[in-house]
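*Asks:*
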Amino acid sequence: MTDEKFIRDFESDALPSDSFHHAEHVRLAFAYLRQYPVLEALGRFITALQRFAEARGKPQLYNETITYAYFFLIHERVARNGACAWEEFAALNPELLVSKDGVLSRYYREDTLHTDLARTVFVFPDRFSDR
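Note that the sequence shown covers residues 5 to 135 in the numbering used here.
#1: Span of the alpha helix (DSSP H) holding Tyr72?
#2: Measuring alpha carbon to alpha carbon, tell me which residue in Pro98, Ala45, Ile50, Gln39 is nearest Thr124.
#3: Rounded to whole angstroms, what is the Cα-Cα separation between Thr116 and Cys88?
#4: Could you give the residue range of the alpha helix (DSSP H) that holds Arg113?
#5: Could you check the C-alpha separation between Tyr66 and Ala57 for me, to the nearest Å?
#6: If distances are taken between C-alpha atoms only, which option among Pro41, Ser21, Phe132, Phe14 comes closest to Leu32?
#7: How should Thr69 be labelled, buried or exposed, when 16 other C-beta atoms within 10 angstroms of its C-beta is the threshold for buried?
#8: Helix, strand or coil for Thr51, going by three-state DSSP, please let me know.
#9: State yes or no: is the beta carbon of Leu53 nearer than 8 Å to at least one beta carbon in chain B?
#10: Under three-state DSSP, which class holds Asp120?
#11: Could you please give the first and the last residue of the uninterrupted alpha helix (DSSP H) stretch that includes Lys9?
Shown next as structure tokens:
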């Protein structure tokens with residue numbers, strides 16, 4: 005599926021709810037970053053995610069800190085990897101596709117990510133490690 009179709013299907017709510025997990029979030033951010041300037045891509049990504057969660061009666065699932073942190077990690081990797089397709093990007097960055105104990109655990113304590121503050125505004129990293 006092309007980036008454009010993936011975005012269009014997500015924005016029109018044509019993707020089944022049970023087929024949109026962490027890896028698909030990463031793919032969607034990747035697709036937006038390849039289609040739009042970074043801040044426009046971020047705005048569209050956030051709007052789409054919030055709409056998706058709201059439509060399923062689960063607006064509390066949206067987390068601003070997790071969204072921003074992953075989005076800008078993906079943005080950096082897109083810049084480093086150049087213009088590659090999703091499959092190649094995913095193969096080059098498998099750690100981005102792990103949600104539980106994933107890449108954010110290098111930067112954030114788990115309890116920080118699940119605060120009301122982190123859900124509503126971007127919270128700066130509170131953990132630094134070499135792992």
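Every residue gets a Cβ at the ideal spot worked out from N, C-alpha and C, and that includes glycine.
*Replies:* According to the data block:
#1: 68–85
#2: Ile50
#3: 33 Å
#4: Per DSSP, Arg113 belongs to no alpha helix (DSSP H) and is neither H nor E.
#5: 7 Å
#6: Phe14
#7: buried
#8: helix
#9: Any reference to chain B falls outside this structure, which holds one protein chain only.
#10: helix
#11: 7–15
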